[in-house]
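> Chains as they are written, first to last, in our numbering: chain A, 35 to 182; chain B, 35 to 182; chain C, 320 to 402; chain D, 320 to 402.
We treat Cβ as the ideally placed atom computed from N, Cα and C, and that holds for glycine.
First the structure, which I've put down as structure tokens, then a few questions once you've had a look.
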Amino acid sequence: MKRVRISNAPINAESELAALTGLGGGAVSSFTGIVRDDGGVTAIELEHYPGMTDACLLRLIEAATARWSLLGAVITHRVGVVSVGASVVVVAAASRHRAEALEATAFLIDRLKTDAPFWKREHFADGTSKWVAAKSTDDVRSERWALV
Amino acid sequence: MKRVRISNAPINAESELAALTGLGGGAVSSFTGIVRDDGGVTAIELEHYPGMTDACLLRLIEAATARWSLLGAVITHRVGVVSVGASVVVVAAASRHRAEALEATAFLIDRLKTDAPFWKREHFADGTSKWVAAKSTDDVRSERWALV
Amino acid sequence: MKLLYFASVRETVGVSSEEFAFPQDVRSVAEAIDWLSGQSDEHAVAFHDPSKLRFALDQNMATAGTLIGDANELAIFPPVTGG
Amino acid sequence: MKLLYFASVRETVGVSSEEFAFPQDVRSVAEAIDWLSGQSDEHAVAFHDPSKLRFALDQNMATAGTLIGDANELAIFPPVTGG
């Protein structure tokens, strides 16, 4: 089970996980990214590259499936305006044993951060907004997964 | 937010995660363990050491909180009879950034497997049952987390 | 001293809990296991290989070498298999 | 060649998409960026530091050195910040 969704509507981890818990595996692992109230942020606005995003996320799932023995994986990502406290992204993986699901989940979110064509704009309480800068720490975490 | 629950009733990841998504952090990670249909298993039966279990699980959360910057962590574990496909355990952690929640989740489930006083009996379709043997691979994964 | 048995140990001994007054020379968990093995055939079978047993003293994990001291509760069980 | 711009690049150039026929000597992404910089003041500002830009050719990630070949779509954007 491989599923990618780009969503304008609120997402929640529960419905994303439901599909994975019924695959017969013993392990489901998930990561949910949530909008933080960083320095007065009230919401973020997510732009993406519509033609490329789905294919990119599906490639991440294919890469995870090639690397670990998975029964399924899902990625759901919000676009548009997302308020503080709401979920931006849910990634999850199912496997027979726990190591695979745990590692694949970390891989998927680490690679999504550096590879998937999304851009975040922060909106502040005073009405201003600015683009979020990419973080070098994300590059470091993503490169950990390079196959040697 | 630190919460430990031993449950006779079905558990689901969603309600366990709900408490963690509202803590102001940007990251919630979870692991759900599910009863597998291994060689005709129809259900497992979980025995535990009531006086010790809660304290042990809370100590695991304390250890994770001391090691990583967490906003909260929860562990919920079933006892009694749990059917194939149902969740046995949910562990989850919340943090500002993703690395901490992801690592703490893996730590909590790895250590729970080797440290928490639960014992599993497998029930089979033919009416027989047997105690599950501990796995040396669980010891290896747990010892990965030893502080050097 | 309150003894608690779990899982296969409980089934082999035949009870989940019992009380014993250990003799003075029983100081460690290993010595307690050795002494308990003499209490019945069932105890002997349950405790014949201490390397396959795990222990908790007053609900804290212990090893065969741990001294009993003034602990009130000794739990004996196979390696745990939760999660 | 269809050009697509995203996020701050889109805002600086002032359009999200446009079409150009590159001259024959524009073979790589870097050469395309250099040529595009000459199209307007806005293009010049948006593309003045290629090290801060990322590229996709026909929706696959590319680098400055990637040859355009017979690709139909070149996307130019700042480093991604999703998740």
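1) At what residues does the alpha helix (DSSP H) containing F141/A begin and finish?
2) With a cut-off of 7 Å, does the C-beta of F325/C fall near any C-beta of chain B?
3) According to DSSP, is M86/A part of a helix, a strand, or is it coil?
4) Which residues share a DSSP beta bridge with A375/D?
5) Any idea which residues DSSP pairs L127/A with across the strands?
6) DSSP three-state label for S335/C, please.
7) Please classify V69/B: is it buried, with 16 or more other beta-carbons within 10 angstroms of its beta-carbon, or exposed?
8) Go ahead and pull the three-state DSSP assignment for I387/D.
9) Note down, in chain order, every chain D residue with its Cβ under 9 Å from the Cβ of L94/A.
10) Determine the closest residue to V345/C out of V364/C, M320/C, K371/C and D377/C, with distance taken between C-alpha atoms.
11) For a contact meaning CB atoms closer than 9 Å, what does I40/B contact in chain C?
12) Go ahead and pull the three-state DSSP assignment for R70/B.
13) Could one say the Cβ of P44/A lies closer than 7 Å to chain D's Cβ atoms, at least one of them?
14) Alpha carbon to alpha carbon, how far is I109/A from S41/B?
15) Express the C-alpha separation of L104/B and G114/B in angstroms, rounding to a whole number.
16) Indicate whether the contact test is met: 3 or more Cβ pairs, each with one atom in the segment 349-357 of chain C and one in the segment 333-348 of chain D, closer than 8 Å.
17) Quick test of your reading: A150/A and S63/A, contact by CB under 8 Å. State the CB separation rounded to the nearest angstrom.
18) Quick check: the segment 70-86 of chain A against the segment 133-143 of chain A, are at least 3 beta-carbon pairs closer than 8 Å?
19) Of the residues V38/A, T66/A, E177/A and L54/A, which one's Cα is nearest the Cα of A120/A?
20) Got a sec: is the Cβ-Cβ distance from P151/B to anything in chain C below 7 Å?
21) How would you call K371/C, buried or exposed, if buried means at least 16 neighbouring beta carbons within 10 angstroms?
22) By how many angstroms is the C-alpha of I45/A removed from the C-alpha of G177/B?
23) Mind listing the chain D neighbours of L146/A? Cutoff is C-beta to C-beta under 8 Å, in chain order.
24) Going along chain E, which residues have a C-beta under 7 Å from E81/A?
25) Is it true that the segment 324-332 of chain C meets the segment 385-399 of chain C, where meeting means three or more beta-carbon pairs spaced less than 8 Å apart?
26) Following the continuous alpha helix (DSSP H) through W354/D, name the residue where it begins and the one where it ends.
27) What in chain B is Cβ-close to A351/C, meaning under 8 Å?
28) Report the residues of the segment 55-88 of chain A with a CB closer than 7 Å to any CB of chain B, ordered along the chain.
29) Secondary structure at H367/D, three-state DSSP: helix, strand or coil?
30) Can you tell me whether K164/B is buried or exposed? The criterion is at least 16 other CB atoms within 10 Å of its CB, across all chains shown.
31) Quick one: does P369/D have its CB under 7 Å from some CB of chain A?
32) Give every residue of the same chain whose Cβ lies closer than 7 Å to the Cβ of R145/B, excluding the five residues on either side of it in the sequence, and list them in chain order.
33) Compare the C-beta of P342/C against all C-beta atoms of chain B and say whether one is closer than 7 Å.
34) Name the two residues that bound the continuous beta strand (DSSP E) containing L322/D.
35) Measuring CB atoms only, is the segment 127-136 of chain B touching the segment 78-94 of chain B, in the sense that at least three cross pairs come out at less than 8 Å?
36) Under 9 Å Cβ-Cβ, which residues of chain A neighbour L105/B?
Reading off the structure:
1) For this step, residue 141/A is matched to residue 107 along the first sequence. R132 to D149 is the span of the alpha helix (DSSP H), which, as asked, contains F141/A.
2) For the purposes of this step, residue 325/C is identified with residue 6 of the third sequence, where counting begins at 1. Output row for F325/C: interface = yes.
3) By 1-based counting over the first sequence, the position of residue 86/A is 52. The answer is helix: DSSP assigns M86/A an H, G or I state.
4) Along the fourth sequence, read from residue 1 onward, the residue named residue 375/D stands at position 56. Note: A375/D sits in a beta bridge opposite M380/D and A394/D.
5) Numbered from its first residue, the first sequence carries residue 127/A at position 93. The sequence shown places Ala at residue 127/A, rather than the Leu named in the question. Paired residue(s): S63/A and A107/A.
6) On the third sequence, position 16 is the one that residue 335/C refers to. Coil, per DSSP.
7) In the second sequence, residue 69/B corresponds to position 35, counting from 1. It counts as buried.
8) What you label residue 387/D is simply residue 68 of the fourth sequence in a count that begins at 1. Coil.
9) The residue you call residue 94/A lines up with position 60 of the first sequence. Those do not exist, as L94/A stays about 11 Å from chain D at its closest Cβ, beyond 9 Å.
10) As a position in the third sequence, residue 345/C is number 26, starting the count at 1. V345/C has its Cα closest to that of M320/C, out of V364/C, M320/C, K371/C and D377/C.
11) Residue mapping note: residue 40/B aligns to position 6 of the second sequence, counting from 1. Simply none; closest approach about 10 Å.
12) Translated into positions along the second sequence, residue 70/B becomes position 36. Three-state DSSP puts R70/B in coil, outside helix and strand.
13) Indexing the first sequence from 1 puts residue 44/A at position 10. So, not an interface residue.
14) Indexing the first sequence from 1 puts residue 109/A at position 75. Indexing the second sequence from 1 puts residue 41/B at position 7. Cα to Cα, I109/A sits roughly 30 Å from S41/B.
15) The count along the second sequence starts at 1 and reaches residue 114/B at position 80. The count along the second sequence starts at 1 and reaches residue 104/B at position 70. Between G114/B and L104/B, the C-alpha separation is close to 31 Å.
16) no
17) Position 116 of the first sequence, counted from the first residue, corresponds to residue 150/A. Position 29 of the first sequence, counted from the first residue, corresponds to residue 63/A. Incorrect: roughly 19 Å between the Cβ atoms, too far for contact.
18) no
19) By 1-based counting over the first sequence, the position of residue 120/A is 86. A120/A has its Cα closest to that of T66/A, out of V38/A, T66/A, E177/A and L54/A.
20) In the second sequence, counting from the first residue as 1, residue 151/B sits at position 117. Yes, contact with chain C.
21) Counting from one through the third sequence, the residue named residue 371/C turns up at place 52. With fewer than 16 Cβ atoms within 10 Å of its Cβ, K371/C is classed as exposed.
22) Translated into the one-based positions of the second sequence, residue 177/B becomes position 143. Translated into the one-based positions of the first sequence, residue 45/A becomes position 11. Correcting the residue identity first, residue 177/B is Glu in this sequence and not Gly. Those two C-alpha atoms are separated by around 36 Å.
23) Mapped onto the first sequence, residue 146/A falls at position 112. Residues of chain D passing the Cβ test: G401 and G402.
24) Of the protein chains in this structure, namely A, B, C and D, none is chain E.
25) yes
26) Here residue 354/D corresponds to residue number 35 of the fourth sequence, with the count starting at 1. Note, W354/D: alpha helix (DSSP H), V348 to S356.
27) Residue mapping note: residue 351/C aligns to position 32 of the third sequence, counting from 1. What A351/C touches in chain B: nothing, since even the nearest Cβ is about 17 Å away.
28) T55, G56, G58, G59, G60, A61, V62, S63, S64, F65, T66, G67, I68, R70 and D71
29) As a position in the fourth sequence, residue 367/D is number 48, starting the count at 1. Looking at H367/D - three-state DSSP - the assignment turns out to be coil, as it is neither helix nor strand.
30) As a working note, residue 164/B is residue 130 in the second sequence. So K164/B counts as exposed.
31) Counted from its first residue, the fourth sequence places residue 369/D at position 50. So, not an interface residue.
32) For this step, residue 145/B is matched to residue 111 along the second sequence. So the qualifying residues of the chain are L94, S176 and W179.
33) Translated into positions along the third sequence, residue 342/C becomes position 23. Chain B, which has no Cβ nearer than 7 Å to the Cβ of P342/C, makes this no.
34) Here residue 322/D is taken as the residue at index 3 of the fourth sequence, counted from 1. Note, L322/D: beta strand (DSSP E), K321 to Y324.
35) no
36) Taking the first residue of the second sequence as position 1, residue 105/B is located at position 71. Within chain A, no residue comes near L105/B; the closest Cβ sits about 11 Å away, beyond 9 Å.
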